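Before any comments, here is the structure.
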C-alpha cells in the first residue's frame with residue numbers, strides 16, 4: 002500500500018518507542034501515509050493499524066479525532082482557518098469569510114480546479130498572532146488580514 006520509503010519512515014518513528022510500544026507511532030505513521038497518498042483512505046488506515054499491530058478501529062479513532070488527517074481527497078493546498086474564540090474575536094471569522102468569498106467555496110469544500118480546500122480549525126496555539134491559518138498542516142500564517150490572504154493566494158497560485 003505504501004512505498005518502501007514511507008515504510009522506512011514509519012520504522013524510524015517506531016524506533017523512537019520501547020519494544021512492543023509500536024502503536025505509539027500511530028500519529029506519525031498516519032501522517033506519513035497521508036503525505037504519500039494525499040489523504041487517508043480506509044485501506045491506508047487499516048494498513049497502518051496492521052503494521053503497528055493495533056486494531057484498525059483504534060487507528061481510525063485517531064484519524065477521525067484530529068483535523069490534520071484528511072479522510073477524503075483535498076485540494077493541492079488545504080487552508081485551515083482557526084475560528085476558535087481568541088481568533089474569532091481577533092478577525093478569524095472575517096478571514097474565513099473573506100477566503101470563502103475569494104475562493105467561491107465554503108468550509109470542507111474544494112475549488113473546482115482542485116487547488117484549494119478550505120477547512121475550519123481549532124486552536125493552533127498562536128492566539129496573539131490572530132487571525133491564523135495553516136497551509137497543508139505545515140505552514141502557519143499569522144495576522145491574516147485580506148491583504149495578507151491575497152499575497153498568500155497569489156504565492157500559492
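In the numbering used here, the protein residues as written are 2 to 158. The C-beta atom is built at its ideal place from N, Cα and C for all residues, glycine as well. Computed from a predicted structure; not experimentally measured.
Please tell me whether residue i and residue j are closer than 8 angstroms, where the distance is taken between their beta carbons.
i           : j           : result
residue 112 : residue 79  : no
residue 57  : residue 64  : no
residue 124 : residue 68  : no
residue 74  : residue 128 : no
residue 100 : residue 82  : yes
What is the DSSP secondary structure of residue i, reduced to helix, strand or coil?
i           : result
residue 108 : coil
residue 75  : coil
Give the range of the beta strand (DSSP E) segment to which residue i is assigned.
i           : result
residue 79  : 78-83
residue 135 : 134-136
How would you write the range of the alpha helix (DSSP H) that residue i sits in, first residue to last?
i           : result
residue 120 : Residue 120 -> not in any alpha helix (DSSP H); beta strand (DSSP E) instead, spanning 117-122.
residue 142 : That residue, residue 142, is in no alpha helix (DSSP H); its beta strand (DSSP E) goes 140-142.
Residue i and residue j look like a contact to me (Cβ under 8 angstroms); what is the Cβ gap, rounded to whole Å?
i           : j           : result
residue 136 : residue 143 : 12 angstroms between Cβ atoms; not a contact.
residue 54  : residue 24  : 7 angstroms
query: Does the stretch 89-97 touch the stretch 143-150, meaning 3 or more C-beta pairs lie closer than 8 angstroms?
result: Yes, they touch.
- prompt: Okay, do the stretch 4-12 and the stretch 30-39 touch, 3+ Cβ pairs below 8 angstroms being the bar?
  reply: Yes, the stretch 4-12 is in contact with the stretch 30-39.
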